[in-house]
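Sequence order for the protein chains is A and B.
Going letter by letter, the first sequence gives residues 1 to 357 in the numbering used here.
Going letter by letter, the second sequence gives residues 1001 to 1357 in the numbering used here.
Each residue gets a CB set at the ideal place from its N, CA and C atoms; glycine is no exception.
Note sheet for the following structure.
Number of protein chains: 2
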Amino acid sequence: MKKLINALDDVVKEQLEGMAVAHPDLLKVNYEPKYVCRADAPVAGKVAVISGGGSGHEPMHGGFVGMGMLAGACPGEVFTSPTPDQMYECAKAVDGGAGVLMLVKNYTGDVLNFETAAELAHADGIKVQSILIDDDVAVKDSLYTAGRRGVGTTVLVEKIVGAAAEAGYDLDQCADLARKANMYGRSMGMAITSCTVPAAGKPTFDLPDNEIEIGIGIHGEPGQKRMPMASADEITTMMVNEIITDAAYTRVVREWDREEGTWIEKQLTDKPFAPGDEFIVFVNSMGGTPVAELYAVYRKVAQILEEKGYKIARNLIGPYITSLEMQGMSITLLKADEEILKLWDAPVNTPGLRWGV
Amino acid sequence: MKKLINALDDVVKEQLEGMAVAHPDLLKVNYEPKYVCRADAPVAGKVAVISGGGSGHEPMHGGFVGMGMLAGACPGEVFTSPTPDQMYECAKAVDGGAGVLMLVKNYTGDVLNFETAAELAHADGIKVQSILIDDDVAVKDSLYTAGRRGVGTTVLVEKIVGAAAEAGYDLDQCADLARKANMYGRSMGMAITSCTVPAAGKPTFDLPDNEIEIGIGIHGEPGQKRMPMASADEITTMMVNEIITDAAYTRVVREWDREEGTWIEKQLTDKPFAPGDEFIVFVNSMGGTPVAELYAVYRKVAQILEEKGYKIARNLIGPYITSLEMQGMSITLLKADEEILKLWDAPVNTPGLRWGV
């Protein structure tokens, strides 16, 4: 295994040390337990949006901490859920009195640990709410997930809801917006190569020299199918078609009831996309695929959407939710309404996304 | 070979098509011959800074076209110099009457072709000037180069001189600044893996599973030495020490004499770095190395510089001058004075670098 790391036990800590010394104007890092929060946290009177998950997907989540996006992020070990105390301590550090919204990617460990953290924070009198991100149309139920996995839409929701919090939305409004934006988002990924988790020391899976995996998860979890290498246009067409023809999807989510102090189950069904819909289009590198190849993919996405009567309002192209050095890409389409576009365009100042400042 | 491409002949064209459809607000693309220029080019009364080189280093250069950075960029085929007619047509398209400054990385093909283009543009009455970037301390003379190669400093000079042009510097002032910034910059790279040029279909070089190459060029040209894989700290220490102890370097450059309409040779000697110097520190991914690993490297760079009495004024961390999907990184230190920092901080709006807008 060849990586730019030192001792295996220090991988995440040293990456955080680098972020802390590189961006003291944007963020600060706590090491026991590990979390990243805005340099100016807590921000009085504003909802604090936090997220977290296993490391190895950078810049998500720690690279999205800063003005207009996340108030805090909790990095687990590589591809391993953070612990409840990380999320709980992070929530306490960022709460400015208006409450904490937790954006939770749908992986069983993340979900359970964020639930425990929410209960602990609630017991301390912190207003909490928790919204699940589950946008991956490739598979239902997977190695670490019941239901759909949370993938590319997470980045977009973090930007949109972070902007809403900055604009003064209250906790319920932020939660409503996050729920809506998640239901508006659909994603699918593919892998050209595997990646190597440092602690494992060998590739997560084997992929022959002439094969790719369609529907891969961001931890290298199995996707839909393996197939021979195909052209960028063929792969893109297959993925975009699957995303835009995806039927209504019903999920049961657990959301915190602050008045009752308990979890309630909600059944939520999204709407399929329909011609005329306008999207934020996000073409993402799994890490090792160069941005130039993403542009070839984006070109085809744009062609297909135009042919089928969809519009592109905004785009994001680059490595934003990665799987270490895995080669491959994912495509996310998020239906955009006026509210979402206004929040997307709002200023953001984080290591990973920056504009307007 | 597994890449997100279609026909080999269309690789660069389709990447440009993707950029054109993704960023019509920032840039426009010409296909015959190929160049990218600002959407609002030509900008009357302002110097137009252009660059170019082989494709495969994205976002450099096309991804740096836009307000506050490059007015135009000429992409060759992958790792192949663009042709003089690309540079000449680009220069004509972006000249707003104040002249065109060509930033040329020191590779023999680039140098010769930009010289021809400068002569053609001059014959058309366009004021031109051309500045060489040669900042790689790893090797003197290499596979495609006489003297030092142009690497990471290029990105920083494009930003700094682009801001100067935006601020109204005239052509001579822009050229003086570019010459100074190049002499203030020193870089070194290393590779963990090779990359694969699409047209070649196989890795550019073989690197055993337990070896790395120190001093690699951005086309995979041989560096200083191969050595067993080492820790991030060991590698970083070796590279930073080499950069900061680099002696004064004398190069002979050819610059255009507009009055005589001919090339004149100038001997330029830079100054070694000295404690107390303040830097823009640029830790760059060769493409396939994830940003999280770059932060571990940055942490060590910062430690070493602090120990040795240097200061870090600004930083840039990410994949900005890449070698396709090569894993590895480069470190650039650019001595920053007040003028350079002011221009670094100025607004920029390109696909690859954006702030202040």
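Given that a residue counts as buried once 16 or more other Cβ atoms are within 10 Å of its Cβ, and exposed if not, what is residue i?
i               : result
residue 1327(B) : buried
residue 1245(B) : exposed
residue 1267(B) : exposed
residue 1031(B) : exposed
residue 1210(B) : exposed
residue 1269(B) : exposed
residue 1042(B) : buried
residue 1110(B) : buried
residue 264(A)  : exposed
residue 1198(B) : buried
residue 1165(B) : buried
residue 1311(B) : exposed
residue 1141(B) : exposed
residue 1123(B) : exposed
residue 143(A)  : exposed
residue 206(A)  : exposed
Taking the CB atoms as reference points, tell me whether residue i and residue j lie closer together than 7 Å.
i               : j               : result
residue 64(A)   : residue 87(A)   : no
residue 313(A)  : residue 278(A)  : yes
residue 1169(B) : residue 1335(B) : no
residue 129(A)  : residue 112(A)  : no
residue 1191(B) : residue 1296(B) : no
residue 1349(B) : residue 1099(B) : no
residue 317(A)  : residue 294(A)  : yes
residue 1188(B) : residue 1227(B) : no
residue 1253(B) : residue 1161(B) : no
residue 138(A)  : residue 224(A)  : yes
residue 152(A)  : residue 194(A)  : no
In whole angstroms, what separates the C-alpha of residue i from that of residue j?
i               : j               : result
residue 1258(B) : residue 167(A)  : 54 Å
residue 1028(B) : residue 306(A)  : 20 Å
residue 322(A)  : residue 19(A)   : 17 Å
residue 344(A)  : residue 1095(B) : 34 Å
residue 1159(B) : residue 1281(B) : 14 Å
residue 347(A)  : residue 68(A)   : 6 Å
residue 121(A)  : residue 261(A)  : 11 Å
residue 1091(B) : residue 222(A)  : 50 Å
residue 1006(B) : residue 1154(B) : 30 Å
residue 1176(B) : residue 1061(B) : 21 Å
residue 80(A)   : residue 55(A)   : 7 Å
residue 1249(B) : residue 1331(B) : 18 Å
residue 1214(B) : residue 1186(B) : 15 Å
residue 1302(B) : residue 1235(B) : 14 Å
residue 74(A)   : residue 1127(B) : 54 Å
residue 1157(B) : residue 1059(B) : 15 Å
Taking 8 Å as the limit between beta carbons, can you name the residues of its chain near residue i, skipping five residues before and five after?
i               : result
residue 202(A)  : 1 and 196
residue 291(A)  : 285, 317, 318 and 319
residue 1394(B) : No information on residue 1394(B) is available, as it lies outside the stretch 1001 to 1357 that chain B covers here.
residue 247(A)  : 272
Does any C-beta atom of chain E lie closer than 7 Å to the C-beta of residue i?
i               : result
residue 1354(B) : Absent from the structure: chain E. Protein chains present are A and B.
Once you ignore the five residues that flank residue i on each side, which residues in its own chain have a CB closer than 7 Å to its CB?
i               : result
residue 1106(B) : 1132, 1133, 1134, 1145, 1147, 1148, 1149 and 1150
residue 1057(B) : 1218, 1321, 1322 and 1323
residue 1355(B) : 1347 and 1348
Which of the three DSSP states, helix, strand or coil, is assigned to residue i?
i               : result
residue 245(A)  : coil
residue 82(A)   : coil
residue 1148(B) : coil
residue 1267(B) : strand
residue 1136(B) : strand
residue 189(A)  : strand
residue 37(A)   : strand
residue 106(A)  : coil
residue 1096(B) : coil
residue 1065(B) : strand
residue 226(A)  : strand
residue 205(A)  : coil
residue 1159(B) : helix
residue 1281(B) : strand
residue 235(A)  : helix
residue 262(A)  : strand
Below 6 Å CB to CB, which residues in the same chain sit around residue i once its five sequence neighbours on both sides are set aside?
i               : result
residue 1084(B) : 1113, 1116 and 1117
residue 1273(B) : 1244
residue 949(B)  : No answer is possible for residue 949(B): it lies beyond the span of chain B, which begins at 1001 and ends at 1357.
residue 23(A)   : 351
residue 1033(B) : 1085, 1086 and 1089
residue 21(A)   : none
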